[in-house]
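Asks: Taken in sequence, the protein lines are chains A and B.
For the first sequence, counting from 1, position 246 maps to 246 in UniProt numbering; every step adds exactly one.
For the second sequence, counting from 1, position 1 maps to 1 in UniProt numbering; every step adds exactly one.
Note that CB positions come from ideal geometry on N, CA and C, so glycine has one too.
Since this is a predicted model, take the numbers as computed values, not measurements.
To start, I am sharing the structure in question, which I have written as structure tokens.
2 protein chains.
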Amino acid sequence: MVNNKMYELGTKKSTIRTIFEFGRKRAAEVGEENVYDFSLGNPNVPTPDFIKEAAVDILTNMEPSAIHGYTVAPGNPQVRKALADSINSRFGMHITEKNLFMTAGAAASITICFKALSQPEDEYITFAPFFPEYRAFVESVGGKLVVVPAQPEDWQIDFAAFERLVNNHTKAVIVNSPNNPSGAVYSEETIKKLAQILQAKEKEYHHPIFIIADEPYREIAFEGYTVPYIPKYYDNTLVCYSYSKSFSLPGERIGYIVVPDTVANFEKVYGAIAGAARVLTHVNAPSLWQLVVGRCANMPSDISTYVKNGQLLYQGLVDAGFECVKPQGAFYLFPKCLEEDDYAFCKRAQKYDLLLVPGTDFGCPGYFRAAYCIKTETIKKSLPLFKKLAAEYK
Amino acid sequence: MVNNKMYELGTKKSTIRTIFEFGRKRAAEVGEENVYDFSLGNPNVPTPDFIKEAAVDILTNMEPSAIHGYTVAPGNPQVRKALADSINSRFGMHITEKNLFMTAGAAASITICFKALSQPEDEYITFAPFFPEYRAFVESVGGKLVVVPAQPEDWQIDFAAFERLVNNHTKAVIVNSPNNPSGAVYSEETIKKLAQILQAKEKEYHHPIFIIADEPYREIAFEGYTVPYIPKYYDNTLVCYSYSKSFSLPGERIGYIVVPDTVANFEKVYGAIAGAARVLTHVNAPSLWQLVVGRCANMPSDISTYVKNGQLLYQGLVDAGFECVKPQGAFYLFPKCLEEDDYAFCKRAQKYDLLLVPGTDFGCPGYFRAAYCIKTETIKKSLPLFKKLAAEYK
Chain A
1 MVNNKMYELG TKKSTIRTIF EFGRKRAAEV GEENVYDFSL GNPNVPTPDF
51 IKEAAVDILT NMEPSAIHGY TVAPGNPQVR KALADSINSR FGMHITEKNL
101 FMTAGAAASI TICFKALSQP EDEYITFAPF FPEYRAFVES VGGKLVVVPA
151 QPEDWQIDFA AFERLVNNHT KAVIVNSPNN PSGAVYSEET IKKLAQILQA
201 KEKEYHHPIF IIADEPYREI AFEGYTVPYI PKYYDNTLVC YSYSKSFSLP
251 GERIGYIVVP DTVANFEKVY GAIAGAARVL THVNAPSLWQ LVVGRCANMP
301 SDISTYVKNG QLLYQGLVDA GFECVKPQGA FYLFPKCLEE DDYAFCKRAQ
351 KYDLLLVPGT DFGCPGYFRA AYCIKTETIK KSLPLFKKLA AEYK
Chain B
1 MVNNKMYELG TKKSTIRTIF EFGRKRAAEV GEENVYDFSL GNPNVPTPDF
51 IKEAAVDILT NMEPSAIHGY TVAPGNPQVR KALADSINSR FGMHITEKNL
101 FMTAGAAASI TICFKALSQP EDEYITFAPF FPEYRAFVES VGGKLVVVPA
151 QPEDWQIDFA AFERLVNNHT KAVIVNSPNN PSGAVYSEET IKKLAQILQA
201 KEKEYHHPIF IIADEPYREI AFEGYTVPYI PKYYDNTLVC YSYSKSFSLP
251 GERIGYIVVP DTVANFEKVY GAIAGAARVL THVNAPSLWQ LVVGRCANMP
301 SDISTYVKNG QLLYQGLVDA GFECVKPQGA FYLFPKCLEE DDYAFCKRAQ
351 KYDLLLVPGT DFGCPGYFRA AYCIKTETIK KSLPLFKKLA AEYK
């Protein structure tokens, strides 16, 4: 009577949801301030004042129909020009408005790319640990998700494993850096090596293999870590961006896709993106927010809270005896569990009201994700509890 | 290399697009004020002040994270409650927040429904004239669109033709009233008859047949015409609503789906809708606009301009010798062309800079659509030109 796959996708309770409900129950019992919820990737840095000011100014001073009317399908041309100029000045690119397609955020951007590119038997490669929605999105357009096992010592890429998995069916490689959930930033060396391998594979298979760069965390990279702009290293790159994290606007659904001129058969790819956006009903990204991000294209993201929280949690975990790669970007740590079974470990952490997400959910068993986009005070108070938890394993 | 169907959908120039480009060219030559563009359904009544005031008040006085943070996937529960209360009081329904799923407008709502319901070999029935995107949306989920021929004398439903087309594969019937492009409102008698036939067919085929009520124009119904709330007449109705037209917010992408408790297997249908929204990346409709429409749920739509424009254009066309059904709702008239070939007729109208859309695009050859959501002054100035055009056929 309904599509069963959709029913399953809409009703299967996710681990994060289960943890969330446990957290709500415990908050009712012991008080909100005694629950340490590291489970959600909801930015806690307030939306910057310049965003509020831009939105209020636009609402107050512009003609309503110019704010709220339909834009052309790919988005307001002036906004796309402003964003293209900003990308050019920050990353040394040479794009124009015709290379941008405004979308309702990064998830919309990547599903549009999957829908635009997918032909029967296509495979999409991603690297563990990875954002679990990739699987639902890829399978929904009939594609197959292929996962390269993790390289836990530094969360860069296991290239030997990667090379074994690329084949003639590979349509695209999904790159997510700064990474959710590992908190790692792929180095320039990693991106160069990835580009080199893919260029060779493109020659071998006589067709383009795209990189889909999923970059909602691009602006959240810490001192000493630079996020390479992948189109500069690899021609067939589609960049999927979102303002959800950089400007703390996750609810407003605003972002874009960059399709550089260097992409093989640019017209064909951009056209297919327009068609995919149309049938996924993602033409015309929310119009007020298009205007706001157009105005604020060159404004900085305030990442100081994430820097402070990341260092505090990292040091606390290491002091408690956890193995963990240093925070590099985004707002996640991905430490090793103190027992093999990550579900059992996260269950045990709940005794201390520490809410952690098992790594298996991100394709990486034996680890856990701790999202530190929460109050600094909460992290401080949680550290003795992590110590107690670790003591159970000594 | 890309999905060719998506490429075609993204690049095939639509008739409206071609007309739009002609209009831009002519505006450059003869001046904006001498081009009579009846081609676009972009509301020209300004967004009401109460919308601006609500948005500015929310931005100024609420915590940014409460405005812009993620909502739960189906939308802010308080907003859904406010909208449910408003629907109950206006239409005598008994729904709660659990019956609503917030979306990015009516197009998103209906594609989510198609994706949620569709199983192999499903057919969707609609009535000519119809909104042409239905075909792209239905085919994109593997469904087949079946079109019931028009009943031009009153634009109600040709039930004999309809009954011949319903079969065991019919998953749903798409009802769009007030109608784009005919401007007709389906009467209570029409809806009752439709419900009666479908109830009999459900019994015959032993499975539910849904009505998908696509209602972006619900609030734009003129004196003497009432838009029946279809769930009151037929249990298996999903209502797809948008604030694009009623509050002149087409760019902001905000609307909802109503899934009443009376729908067969409610949990299954609502669950599938949640799954479809997830893979179409339509969870969490734009959060500021959720709050705004929640506050303004009971505010009136100002339709006075459409009433005035509709009457003026209707009278002018009739005086010029056109056959046309009286305006009932939305902001479209759908008169008979003065020659059989509607493309040739609309082409000839362009000589007078009258931009009209051929009815063939809406599955109804021999007619044309005139959207009167434009300046009243423009309509006044256009009437002598319609007379000249008509004179060519005398």
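Report yes if the C-beta distance between residue 124(A) and residue 148(A) is below 8 Å; otherwise report no.
Replies: Your numbering for residue 124(A) matches position 124 in the first sequence. Your numbering for residue 148(A) matches position 148 in the first sequence. Result no, Cβ atoms of residue 124(A) and residue 148(A) do not sit closer than 8 Å.
Asks: How many angstroms separate the CA atom of residue 255(B) from the CA atom of residue 79(A)?
Replies: Start at 1 with the first residue of the second sequence, and residue 255(B) comes out as number 255. Start at 1 with the first residue of the first sequence, and residue 79(A) comes out as number 79. Those two C-alpha atoms are separated by around 24 Å.
Asks: In the region 104-123 of chain A, which residues sit with their C-beta less than 7 Å from some C-beta in chain B, listed in chain order?
Replies: Going along the region 104-123 of chain A in chain order, one finds 104, 107, 108, 111, 115, 116, 117, 118, 119 with a Cβ nearer than 7 Å to chain B.
Asks: My guess is that residue 380(A) and residue 312(A) are in contact by the Cβ rule of under 8 Å, so how many angstroms apart are they, rounded?
Replies: Mapped onto the first sequence, residue 380(A) falls at position 380. Mapped onto the first sequence, residue 312(A) falls at position 312. Rounded, the Cβ-Cβ distance is 7 Å, consistent with contact.
Asks: Report buried or exposed for residue 470(A), applying the criterion of at least 16 other Cβ atoms within 10 angstroms of its Cβ.
Replies: The requested residue 470(A) does not occur in the structure, where chain A is confined to residues 1 to 394.
Asks: Going by beta-carbon coordinates alone, are residue 257(A) and residue 236(A) separated by less than 8 Å?
Replies: As a first step, residue 257(A) is located in the first sequence; it is residue number 257 there, counting from the start. As a first step, residue 236(A) is located in the first sequence; it is residue number 236 there, counting from the start. No, Cβ-Cβ distance for residue 257(A) and residue 236(A) is not below 8 Å.
Asks: For residue 115(B) and residue 280(B), which I take to be in contact (beta-carbon distance under 8 Å), what is that distance rounded to the nearest angstrom?
Replies: Taking the first residue of the second sequence as 1, we reach residue 115(B) at position 115. Taking the first residue of the second sequence as 1, we reach residue 280(B) at position 280. The pair is a contact, with the Cβ atoms about 6 Å apart (cut-off 8 Å).
Asks: Just list the residues that DSSP pairs residue 370(B) with in beta bridges.
Replies: Numbered from its first residue, the second sequence carries residue 370(B) at position 370. Paired residue(s): 333(B).
Asks: Go through its chain and collect everything with a Cβ distance to residue 9(B)'s Cβ below 7 Å, but skip five positions before and after it.
Replies: Counting from 1 along the second sequence, the entry for residue 9(B) is found at position 9. Here the set comprises 136.
Asks: Spatial neighbours of residue 202(A) within its chain, please: CB distance less than 8 Å, with the 5 preceding and 5 following residues excluded, ordered by chain position.
Replies: In the first sequence, counting from the first residue as 1, residue 202(A) sits at position 202. So the list reads 208, 209, 236, once near-sequence residues are dropped.
Asks: Any beta-carbon of chain B closer than 8 Å to the one on residue 52(A)?
Replies: Position 52 of the first sequence, counted from the start, is the residue given in the question as residue 52(A). So yes, residue 52(A) belongs to the interface.
Asks: Chain B partners of residue 273(A), CB-CB under 7 Å?
Replies: Within the first sequence, residue 273(A) is the residue found at index 273, counting from 1. Simply 10.
Asks: Taking the CB atoms as reference points, tell me whether residue 283(B) and residue 273(B) lie closer together than 8 Å.
Replies: Numbered from its first residue, the second sequence carries residue 283(B) at position 283. Numbered from its first residue, the second sequence carries residue 273(B) at position 273. Going by C-beta atoms, residue 283(B) is not nearer than 8 Å to residue 273(B).
Asks: Closer than 7 Å, Cβ to Cβ, to anything on chain B: give me those residues from the region 279-298 of chain A, in chain order.
Replies: Against chain B - using a Cβ distance shorter than 7 Å - the residues of the region 279-298 of chain A are 279, 280, 281, 284, 286, 287, 288.
Asks: Tell me whether residue 94(A) is buried or exposed, calling it buried when 16 or more other Cβ atoms sit within 10 Å of its Cβ.
Replies: Here residue 94(A) refers to the residue found at position 94 of the first sequence. Exposed, because fewer than 16 other Cβ atoms sit within 10 Å of the Cβ of residue 94(A).
Asks: With which residues is residue 358(A) paired in a DSSP beta bridge?
Replies: Along the first sequence, read from residue 1 onward, the residue named residue 358(A) stands at position 358. For residue 358(A), which the question treats as bridged, DSSP gives the partners 368(A).
Asks: Would residue 129(A) pass as a contact of residue 363(A) if the rule is Cβ separation under 8 Å?
Replies: Position 129 of the first sequence, counted from the start, is the residue given in the question as residue 129(A). Position 363 of the first sequence, counted from the start, is the residue given in the question as residue 363(A). Cβ atoms of residue 129(A) and residue 363(A): closer than 8 Å.
Asks: Could you name each continuous alpha helix (DSSP H) segment of 4 residues or more that falls completely within the region 84-154 of chain B, going from the start of the chain to the end?
Replies: The region 84-154 of chain B contains these whole alpha helix (DSSP H) runs: 106-117, 133-140.
Asks: Kindly list the residues whose CB is nearer than 6 Å to the CB of residue 270(B), restricted to its own chain and excluding five residues on each side of it in sequence; keep chain order.
Replies: On the second sequence, position 270 is the one that residue 270(B) refers to. Here the set comprises 259.
Asks: Taking Cβ positions, are residue 321(B) and residue 390(B) nearer each other than 8 Å?
Replies: The residue labelled residue 321(B) in the question sits at position 321 within the second sequence. The residue labelled residue 390(B) in the question sits at position 390 within the second sequence. Yes.
Asks: Given a threshold of 16 other Cβ atoms within 10 Å of its Cβ, counted over all protein chains shown, does residue 290(A) qualify as buried or as exposed?
Replies: As a working note, residue 290(A) is residue 290 in the first sequence. Residue 290(A) is buried by the Cβ-count criterion.
Asks: Where residue 267(A) and residue 100(A) are concerned, what is the direct C-alpha to C-alpha distance, given to the nearest angstrom?
Replies: As a first step, residue 267(A) must be located in the first sequence, where it is residue number 267. As a first step, residue 100(A) must be located in the first sequence, where it is residue number 100. Distance between the alpha carbons of residue 267(A) and residue 100(A) is about 12 Å.
Asks: Which residues mark the beginning and the end of the alpha helix (DSSP H) in which residue 415(A) is found?
Replies: The structure shown does not extend to residue 415(A), since chain A spans only 1 to 394, so no value can be given for it.
Asks: Sorted by chain position, which residues of the same chain lie with C-beta nearer than 7 Å to residue 371(B)'s C-beta, five sequence neighbours on each side aside?
Replies: Here residue 371(B) is taken as the residue at index 371 of the second sequence, counted from 1. So the list reads 38, 39, 40, 41, 331, 332, once near-sequence residues are dropped.
Asks: Identify which residue in 152(B), 325(B), 112(B), 354(B) has its Cα closest to the Cα of residue 239(B).
Replies: On the second sequence, position 239 is the one that residue 239(B) refers to. Selected option, being the one with the closest Cα: 112(B).
Asks: Where does residue 252(A) land, buried or exposed, given buried means 16+ other C-beta within 10 angstroms?
Replies: To locate residue 252(A), count along the first sequence from 1; it is residue 252. Buried, by the Cβ-count rule.
Asks: Taking the beta strand (DSSP E) that residue 173(B) belongs to, which residues open and close that run?
Replies: By 1-based counting over the second sequence, the position of residue 173(B) is 173. Where residue 173(B) is concerned, the enclosing beta strand (DSSP E) stretches over 170-175.
Asks: Report the rounded CA-to-CA distance for residue 152(A) versus residue 163(A), giving the unit in angstroms.
Replies: The residue given as residue 152(A) occupies position 152 in the first sequence. The residue given as residue 163(A) occupies position 163 in the first sequence. Roughly 18 Å between the two C-alpha positions.
Asks: Closer than 7 Å by C-beta to residue 262(B): which residues in its own chain qualify, once you throw out the five before and the five after it? Chain order, please.
Replies: Along the second sequence, read from residue 1 onward, the residue named residue 262(B) stands at position 262. For residue 262(B), where only same-chain residues beyond five positions count, the Cβ hits under 7 Å are 231, 235.
Asks: Would you say residue 236(B) lies against chain A (beta-carbon separation less than 8 Å)?
Replies: Sequence index remark: in the second sequence, residue 236(B) carries index 236 (1-based). So, not an interface residue.
Asks: Note the first and the last residue of the continuous beta strand (DSSP E) segment covering residue 210(B).
Replies: Translated into the one-based positions of the second sequence, residue 210(B) becomes position 210. Taken as a continuous stretch (DSSP letters only), the beta strand (DSSP E) holding residue 210(B) covers 210-214.
Asks: Helix, strand or coil for residue 293(B), going by three-state DSSP, please let me know.
Replies: On the second sequence, position 293 is the one that residue 293(B) refers to. Note: residue 293(B) maps to helix in three-state DSSP.
Asks: Any beta carbon of chain A sitting closer than 8 Å to that of residue 397(B)?
Replies: No statement about residue 397(B) is possible, as the shown extent of chain B runs from 1 to 394 and does not include it.
Asks: Please state if the CB of residue 109(A) and the CB of residue 241(A) are separated by a distance shorter than 8 Å.
Replies: Numbered from 1 along the first sequence, position 241 holds the residue referred to as residue 241(A). Numbered from 1 along the first sequence, position 109 holds the residue referred to as residue 109(A). The answer is yes: Cβ separation under 8 Å.
Asks: Could you tell me whether the Cβ of residue 64(B) comes closer than 8 Å to any Cβ of chain A?
Replies: Taking the second sequence and counting its residues from 1, the one referred to as residue 64(B) is at position 64. Chain A, which has a Cβ nearer than 8 Å to the Cβ of residue 64(B), makes this yes.
Asks: Give the secondary structure of residue 382(A) by DSSP, where H, G and I count as helix, E and B as strand, and everything else as coil.
Replies: In the first sequence, the residue the question calls residue 382(A) occupies position 382. Looking at residue 382(A) - three-state DSSP - the assignment turns out to be helix.
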